[in-house]
Amino acid sequence: MSLFSSKSMPQRALRALVPVALAATTHAHAATELCIESSSALYQAFADIDGGSTDDITLKLRSGTYTLGSDLLLDYRGNGGDPQANYGRLTIRGGYGPGCTSQSAALGATTLNGSGGQRVLGIEMINNALVIDRISSTNVDWEFGNWICYQAQDRPATITGLRALNSRVSFTFMGCYDILIQNSMVTARADSAGDIAVGYLSYFATSSHPATFALTNSTLRGGSLSLDFLPFDDDEHPASATVELFGNVFENDGTEVLVDGGDLYSSHNRYDSLTLAHGVLATNLDNISAAPLLQSSGVPQNNSPVVNAGTRFVPGGLPQLDLAGNPRLVGSDPDMGAFETPVDNSLYLDVTTTAATGAGSLAQAVASANGTNGRQVIRFDIAGSCPRTIQLSQALTLTDDTDILGETQPGSQPNTFALGYNGEPCVILKAGAGVGSAFVFDSNESADNLKLSQLAFSGFTGTAVDLRSGRGHLVTGNQFGGSVGDTALLDVATAIRVGDGAADVQIGGPDHAQTNFIGGASLGIILDGNGDNSVIGNALGDAGLQNAPNAAALVVYSDHNLVQDNWISRSTAINILMTGADAHDNTFRDNLVIRADGAGMLIDGGAHDNRVGPDNSFASNGGDGIFVHSGSPNDLSGNQYSNNDGLAIDLGDDGVTPNDPDPAIDGVTTPNRNQNFPVLTRAQPSPDFAFFVLDGTLSSTLGTYRIDLYRNHACNASGHGEGLILLGSNTVDLDCTFVPPNGQCTKAFTLLVPGIVVPGDDQITATVTSPYGHTSEFSACRAVTTNDVIFADGFDD
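Number 651 in the numbering used here belongs to position 452 of the sequence shown; there are no gaps in the numbering.
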């Protein structure tokens, strides 16, 4: 196998590699886990996977050293060279103990050694996801490639805890592939100081999803970061892309950061030089150029200027642990780079009593924190068995940088569930008579922030946690609703509100211990104010072992928020409400949105330009999966929909909206311009069963449209939808030479899904998304037939 380098291929030659058949991407993958205990077993696993798989595959590597005697390569262009095979997610994790039942965060627990020469670990991907976690390597180059991109992906490459010594890490990807590298360290090859330590992302301006490259809390030594976002055609610079650099250390005597194309967001990094061509420096915040003063291991010296100089707010969420498995946040702010030192510049205040006021009380600790400059850390050491309840006699207002750490109370147990919540905070904050809030953060300094972790809240009649100012807040591991041991928590009115001047708030996080359980509230989370917040990995309404429904789990009024990997369930009204003209450019992905008494999601009040997808699941809701009452455009493509009592997607309050002329220009208050859905006319296998063939027509304004095709075991009662299994996606060009007076171009199309077997009498449905992001309702169902097959090739003109 060879991994292509885009430098070696003309752009127009690359265009010829992209076929017109529909990319098959089934989301309901089987899951396979393999415990790897030797070098030979690792090679065998790569060989077995090479050529493709429809499973989600996880390789769990035992702790130890794996000697690579030759290159270790995995080519997803399998099935006899077919570049359109159907794949799931490949995960490679290190640090496992015997039987691969538990994972260690220790640095270097699993190490790949390129013995006898510089080895290559190469993975080439097509329409699939990749996760690398807690792997060390020496004398191994990491190469990741992709040259075919059929549909919008969302960060399919996530690399966490990689330590690559004497190495080069390179990416050659189409532009719809996002990449996140965090808590990692790469040192350039010893024989070539100018080697790229992390670098080469190729972007094509014609792809359907702008690429994002995010590097956070990582250290690059001896080499440089080079990002070159190439346009599809040579005259199309600048390419549209996003580069996010947050909290990194670049250590090199030459050029350290080179970005060619796209928008660059650079915050709290250490580098000497940055070169930006064909792009815009959108953010340049608190970057430094002082010598980093790193030890040979890469850990900063205690007097290093990168210590306590990073940022709490990073793309994808600030992890709990650093590369060495130590706490990621020690002191006022995290250190820049992959490692966290034990240097703590905080002042400590201890809570030793459950009394509402007086010496040793939480109220006294908050008052002391407000009255002292610098970050104060409030710890708990209250005598007695768990849980310990503090009944507040007033709301506690915070006006300075403060950490309130419930996990410091002996007996507090963090969550360990990947989906749900089984944590047990030992400290419960209970509302006294007339107390509406537990904490109100309201500082005069815009950079002040709060860390609030592993506390339980009970009975607050206003907003339990009210964030009114500051940026970079962390709210993790807390519990609202349900019970702590045998103690039931009383309902609250609103659990967490982000409003007024607050921004850059992280609620939950990528690690299991950061999961908040939010239930028993009229409103679970409210995102208002300045936006740019992250809600990641929380359990809202259902913890798995216990449930506590909210009336509405999440309400979004603001812009540029990320909602990812949450379990949102059982709301008595709606699970998610996004409303108002200020609710725009929000992203919802990989969420499980289920079992609301009403709609899974309601979009209203002119909310616009939001991306709901991919890989959300809207299932078993008492109303519609997604109800767009008002707001346009909103891209709803790439999700799954099943067993909702209403429609999967409902535009307007009228059930199935018949097709009629789509307006060329629509206002934000219309429901996705009532985008026409496609009309399917045939769903059959080809005679040789190599392809599944779908014919249809689409009528709308001129442009390139994305069509998502779904398989269902039965049709919705409306005769339209739902979308149980996403078979794949591709584009149809409405490019009529003559356009009628109503502005509608009508075109027939044929889509081919390779390698898919669909049982007879299953139902096929589809949605369409306009070039501007208007997603339609579901088409009428078309039953799969197996007789009178006429094979069609490509798209009909």
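Cβ coordinates follow ideal geometry from the N, Cα and C atoms, glycine included. Remember, predicted model here, so these are calculated numbers, not experimental data.
Short check: CB of residue 1020 to CB of residue 270, under 9 Å? Coverage of the chain is limited to positions 200 through 996, which leaves residue 1020 absent and any answer about it impossible.
Could you tell me which whole beta strand (DSSP E) segments of length 3 or greater appear in the segment 803-845? 809-811, 816-818, 825-827, 839-841
Examine the Cβ distances between the segment 536-556 and the segment 472-490 and report whether three or more of them are shorter than 8 Å. The segment 536-556, when compared against the segment 472-490, does not touch it at the 8 Å Cβ threshold.
Determine the extent of the beta strand (DSSP E) in which residue 365 is found, giving its start and end residues. Counting from 1 along the sequence shown, the entry for residue 365 is found at position 166. Looking at the DSSP string, the run of the beta strand (DSSP E) that includes residue 365 is 356-366.
Tell me the DSSP secondary structure of residue 476 in three-state form. In the sequence shown, the residue the question calls residue 476 occupies position 277. In this structure, residue 476 counts as strand in the three-state DSSP scheme.
Using DSSP with H/G/I as helix, E/B as strand and the rest coil, what is residue 641? Walking along the sequence shown from the start, residue 641 turns up at place 442. Three-state result, residue 641: coil.
In three-state terms, what does DSSP make of residue 238? The residue you call residue 238 lines up with position 39 of the sequence shown. Correct three-state label for residue 238: helix.
How close, in whole Å, do the beta carbons of residue 381 and residue 359 come, if the pair is a contact with beta carbons under 8 Å? Position 182 of the sequence shown, counted from the start, is the residue given in the question as residue 381. Position 160 of the sequence shown, counted from the start, is the residue given in the question as residue 359. Right, their Cβ atoms sit about 5 Å apart.
Residue 565 - containing alpha helix (DSSP H), residue span: By 1-based counting over the sequence shown, the position of residue 565 is 366. Residues 561-569.
Pick out the complete beta strand (DSSP E) segments inside the segment 461-546, 3 residues or longer, and give them in chain order. As far as the segment 461-546 is concerned, its whole beta strand (DSSP E) runs of at least 3 residues are 473-484.
Given a threshold of 16 other Cβ atoms within 10 Å of its Cβ, counted over all protein chains shown, does residue 529 qualify as buried or as exposed? Residue mapping note: residue 529 aligns to position 330 of the sequence shown, counting from 1. Residue 529 should be labelled buried.
Identify, in the order they occur along the chain, each residue of the same chain with its Cβ nearer than 6 Å to the Cβ of residue 943, setting aside the five sequence neighbours on each side. Within the sequence shown, residue 943 is the residue found at index 744, counting from 1. The answer, listed in chain order, is 860, 898.
With DSSP as the reference, identify every bridge partner of residue 603, one or two as the case may be. Looking up residue 603 in the sequence shown gives position 404. Under DSSP, the beta-bridge partners assigned to residue 603 are 577, 651.
Helix, strand or coil: which one does DSSP assign to residue 795? For the purposes of this step, residue 795 is taken as the residue at position 596 of the sequence shown. Annotated three-state conformation of residue 795 is coil, per DSSP.
Check whether residue 909 and residue 922 have beta carbons under 9 Å apart: For the purposes of this step, residue 909 is taken as residue 710 along the sequence shown, with counting starting at 1. For the purposes of this step, residue 922 is taken as residue 723 along the sequence shown, with counting starting at 1. Yes, these two residues count as a Cβ contact at 9 Å.
Is the segment 695-703 touching the segment 612-628, taking contact as three or more C-beta pairs under 8 Å? no
Sequence-distant residues of the same chain with beta carbon closer than 6 Å to residue 386, five excluded per side: In the sequence shown, counting from the first residue as 1, residue 386 sits at position 187. If we look at residue 386 and ignore the five residues flanking it on each side, its Cβ neighbours are 364, 420, 421.
For residue 864, is the classification buried or exposed, using 16 other Cβ atoms within 10 angstroms of its Cβ as the cut-off for buried? Residue 864 sits at position 665 when you count from the first residue of the sequence shown. When all chains shown are included, residue 864 counts as exposed.
On the DSSP bridge assignment, give the partners of residue 256 in chain order. In the sequence shown, residue 256 corresponds to position 57, counting from 1. 231, 289.
Less than 9 Å between CB atoms is the rule here; does residue 941 satisfy it with respect to chain B? No chain B appears in the structure shown, which is made up of a single protein chain.
Thinking C-alpha only, which one of 473, 710, 343, 497 is nearest residue 519? In the sequence shown, residue 519 corresponds to position 320, counting from 1. Of the listed residues, the one whose Cα sits closest to residue 519 is 710.
Measure the C-alpha to C-alpha separation of residue 862 and residue 833 and round it to an integer number of angstroms. For the purposes of this step, residue 862 is taken as residue 663 along the sequence shown, with counting starting at 1. For the purposes of this step, residue 833 is taken as residue 634 along the sequence shown, with counting starting at 1. Cα to Cα, residue 862 sits roughly 15 Å from residue 833.
Do the segment 453-460 and the segment 489-496 meet, that is, are 3 or more Cβ pairs less than 8 Å apart? No, the segment 453-460 does not touch the segment 489-496.
Pull up the DSSP beta-bridge partners for residue 971, would you. Translated into the one-based positions of the sequence shown, residue 971 becomes position 772. The partner list for residue 971 (beta bridge, DSSP) is empty, contrary to what the question assumes.
Could you tell me which of 732, 655, 243 sits nearest to residue 759, measuring between CA atoms? Along the sequence shown, read from residue 1 onward, the residue named residue 759 stands at position 560. For the residues 732, 655, 243, the minimum Cα distance to residue 759 belongs to 732.
Just mark residue 539 as buried or exposed, buried being the case when its beta carbon has 16 or more other beta carbons within 10 Å. By 1-based counting over the sequence shown, the position of residue 539 is 340. Its Cβ being crowded by 16 or more others within 10 Å, residue 539 is buried.
Would residue 418 pass as a contact of residue 448 if the rule is Cβ separation under 9 Å? Here the question's residue 418 lines up with position 219 in the sequence shown. Here the question's residue 448 lines up with position 249 in the sequence shown. A contact, by the Cβ cut-off of 9 Å.
Can you grab the Cα-Cα spacing for the pair residue 634 / residue 692, in whole Å? By 1-based counting over the sequence shown, the position of residue 634 is 435. By 1-based counting over the sequence shown, the position of residue 692 is 493. In a straight line, the C-alpha of residue 634 is about 12 Å away from that of residue 692.
Can residue 854 and residue 879 be called in contact, C-beta distance under 9 Å? As a first step, residue 854 is located in the sequence shown; it is residue number 655 there, counting from the start. As a first step, residue 879 is located in the sequence shown; it is residue number 680 there, counting from the start. No.
Classify residue 719 as helix, strand or coil using the three-state DSSP reduction. Here residue 719 corresponds to residue number 520 of the sequence shown, with the count starting at 1. Residue 719: coil per DSSP, three-state reduction.
Rounded C-alpha distance that separates residue 228 from residue 927: Indexing the sequence shown from 1 puts residue 228 at position 29. Indexing the sequence shown from 1 puts residue 927 at position 728. Note that residue 228 scores 49 on pLDDT, short of 50, meaning its location in the model is unreliable; the coordinates nonetheless yield the value given after this. Each residue's CA atom was taken as its position, placing residue 228 and residue 927 some 13 Å apart.
Please report how far the alpha carbon of residue 753 lies from the alpha carbon of residue 806, in whole angstroms. Along the sequence shown, read from residue 1 onward, the residue named residue 753 stands at position 554. Along the sequence shown, read from residue 1 onward, the residue named residue 806 stands at position 607. Spanning the two alpha carbons is a distance of roughly 15 Å.
With 16 other Cβ atoms within 10 Å as the buried cut-off, status of residue 323: Reading the sequence shown from its first residue, position 124 is the one you call residue 323. With 16 or more other Cβ atoms within 10 Å, it is buried.
Classification of residue 494 by the beta-carbon crowding that lies within 10 angstroms, buried from 16 upward: In the sequence shown, residue 494 corresponds to position 295, counting from 1. With fewer than 16 Cβ atoms within 10 Å of its Cβ, residue 494 is classed as exposed.
Taking C-beta to C-beta, are residue 291 and residue 331 nearer than 9 Å? Residue mapping note: residue 291 aligns to position 92 of the sequence shown, counting from 1. Residue mapping note: residue 331 aligns to position 132 of the sequence shown, counting from 1. Result yes, Cβ atoms of residue 291 and residue 331 sit closer than 9 Å.
Determine the DSSP secondary structure at residue 299, reduced to helix, strand or coil. Indexing the sequence shown from 1 puts residue 299 at position 100. Three-state DSSP puts residue 299 in a helix.
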